[in-house]
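Take my numbering: the last position of the sequence shown gets the number 251, and nothing is skipped along the way. Shown next, in structure tokens, is the structure this report addresses.
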Amino acid sequence: MAVNLDIFKTQYLQHDVSAQIGRLVENLTQIKAVAQAGTEEKLAQDLIRESQFFVEWIVSSLNLDTNLDLASELVELQRQLSRWKLHWSKLWLSSGDRLQIARCSQEWSDRLFKSHMR
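Rendered as structure tokens:
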């Protein structure tokens with residue numbers, strides 16, 4: 134079933150930034166779980182892509198005068214997600230790389246939760 138991104142984006146952006154970050158944190162937690170298990174590769178890829186959308190949408194809606202630190206953090210996360218996406222076929226085959234993805238996902242989840250969930 135195809136998702137209409139415009140509708141999905143509109144629904145996502147109806148929430149405040151804390152809720153948007155919360156949704157991103159949930160995705161990172163799910164990425165961690167599937168990477169640790171080494172199962173559901175397609176789900177992991179979909180979660181990474183969805184997280185990229187979330188980051189893009191959050192950053193584009195931020196007031197950079199008051200949220201520059203958050204925007205910078207999210208751009209850094211976007212780079213990490215893009216690296217995973219670019220090298221996915223190699224990373225998923227290695228249990229060590231999957232565990233690194235899991236650890237990194239947890240670190241990002243914790244970081245965003247602690248600093249931006251209100």
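Beta carbons: idealized from backbone N, C-alpha and C, even for Gly. Since we're looking at a predicted model, the values are computed, not measured.
What's the call for residue i, buried or exposed, on a 16-neighbour Cβ count within 10 Å?
i, result
"Val208", "exposed"
"Glu206", "buried"
"Arg231", "buried"
"His249", "buried"
My understanding is that residue i touches residue j, with C-beta atoms under 8 Å, so please give their C-beta distance in whole angstroms.
i, j, result
"Ser238", "Ala168", "7 Å"
Where residue i and residue j are concerned, what is the direct C-alpha to C-alpha distance, given to the nearest angstrom?
i, j, result
"Thr143", "Asn196", "18 Å"
"Phe246", "Ile154", "8 Å"
"Glu173", "Lys165", "12 Å"
"Leu224", "Ile234", "9 Å"
"Ile181", "Arg156", "13 Å"
Residue i and residue j: beta carbons closer than 8 Å?
i, j, result
"Gln178", "Trp241", "no"
"Asn160", "Ser184", "yes"
"Gln163", "Val188", "no"
"Ser194", "Leu146", "yes"
"Val158", "Ile191", "no"
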